[in-house]
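Following the working numbering, the numbering of the sequence shown begins with 29 at its first residue and continues without gaps.
Think of the CB as a built atom: it goes at the ideal place given N, C-alpha and C, for glycine as much as any other residue.
In this text the structure is predicted, and so the values were computed from the model without any measurement.
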Amino acid sequence: MCLPALPGTVVFGAVFGTVAAQKGLTILETVLINSFVFAGASQFVAMEVYKDPVTWAVLLAMVGVTAAVNMRMLLIGASLRPWLGQVPASRTYPSLFFLTDLNWLIALREYDKGERDWGIYLGSGLFMWVTWSVSVVPGYFLGSLVSDPQKWGLDIVMPAFFVALLVPLWQGRRQTISWGLAGVVAVLTWQAFGGYWGILTGAIIGAFAGAYLDD
29 MCLPALPGTV
39 VFGAVFGTVA
49 AQKGLTILET
59 VLINSFVFAG
69 ASQFVAMEVY
79 KDPVTWAVLL
89 AMVGVTAAVN
99 MRMLLIGASL
109 RPWLGQVPAS
119 RTYPSLFFLT
129 DLNWLIALRE
139 YDKGERDWGI
149 YLGSGLFMWV
159 TWSVSVVPGY
169 FLGSLVSDPQ
179 KWGLDIVMPA
189 FFVALLVPLW
199 QGRRQTISWG
209 LAGVVAVLTW
219 QAFGGYWGIL
229 TGAIIGAFAG
239 AYLDD
């Protein structure tokens, strides 16, 4: 189930390795950040505010932007309650470390099909974590050859992949309205304030719209 996402994940992880190398991090620091934070987009945001030496102000800024971008995980995690709510807490909470947008989409899609084996969620999360952790290594050492990832279109790989994943989840008018509102609010927030706040505002508005449109 995860194999179609493999190329995009490897490229995305390698780009982070490139960014970390350009910021002056060691290979060990890069691998540790990538494996223990394991948060995709928010890692790139944190690197934008990272400065050496790391002062308390820089540290608080990195924590703040990471929290803002990852705030959507509260909504994503809540949507897994019907499935993971039946699993013992001793298994559920450790497994949430492996929660990503990708394995959430896979798990939600399979749940809607009637699948009730939560190992799909955990297994896909473990697969993505291992892939993500390893993929930064080539990106780190090839960083000097890719000075601007955007010139190669590497910044568009993951957004395009997530758009493709959303297509099977569309079920009609209710999704159209809630998804549309989320997109409009996210774009307006980005135009007004810049940065990554649109991820948070779009997710919240989309969630409220979806909830009130639910019969």
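Taking the continuous alpha helix (DSSP H) assigned at residue i, which residues delimit it?
i	result
Gly52	Looking at the DSSP string, Gly52 is not in any alpha helix (DSSP H), and its letter there is neither H nor E.
Leu133	129-140
Glu76	69-77
Tyr168	147-169
Quick check on residue i: does DSSP put it in helix, strand or coil?
i	result
Ala96	helix
Tyr224	coil
Trp198	coil
Gly113	coil
Leu102	helix
Leu108	coil
Pro81	coil
Met90	helix
Arg119	helix
Phe236	helix
Phe66	coil
Between the beta-carbon of residue i and the beta-carbon of residue j, is there less than 9 Å?
i	j	result
Ala214	Thr229	yes
Tyr168	Ala67	no
Gly153	Thr120	no
Ser123	Leu112	yes
Ile227	Ala89	no
Val77	Gln71	no
Val165	Ile55	yes
Arg137	Pro196	yes
Ala42	Tyr224	no
Arg100	Ala231	yes
Suppose the cutoff is 8 Å on Cβ atoms and the five residues either side in sequence are ignored; what does the same chain contact list for residue i look like?
i	result
Ile104	Leu127, Asp129, Trp132
Ala237	Ile205, Ser206, Leu209, Ala210
Asp80	Lys51, Gly52
Looking only at its chain, what residues have a beta carbon closer than 7 Å to the beta carbon of residue i, apart from the 5 residues adjacent to it on each side?
i	result
Trp256	This structure cannot settle anything about residue 256, because the visible part of the chain is limited to 29 through 243.
Thr37	Met156, Thr159, Trp160, Ser163
Ala74	Met90, Val93, Thr94
Ser63	Ser161
Val146	Inspection of the sequence shows that residue 146 is occupied by Trp rather than by Val. Within the same chain, Trp146 has close Cβ partners Trp111, Leu112, Val115.
Can you name, in chain order, every residue of its own chain whose Cβ lies under 6 Å from the Cβ of residue i, other than the five neighbours on each side?
i	result
Cys30	Ser152, Phe155
Arg201	none
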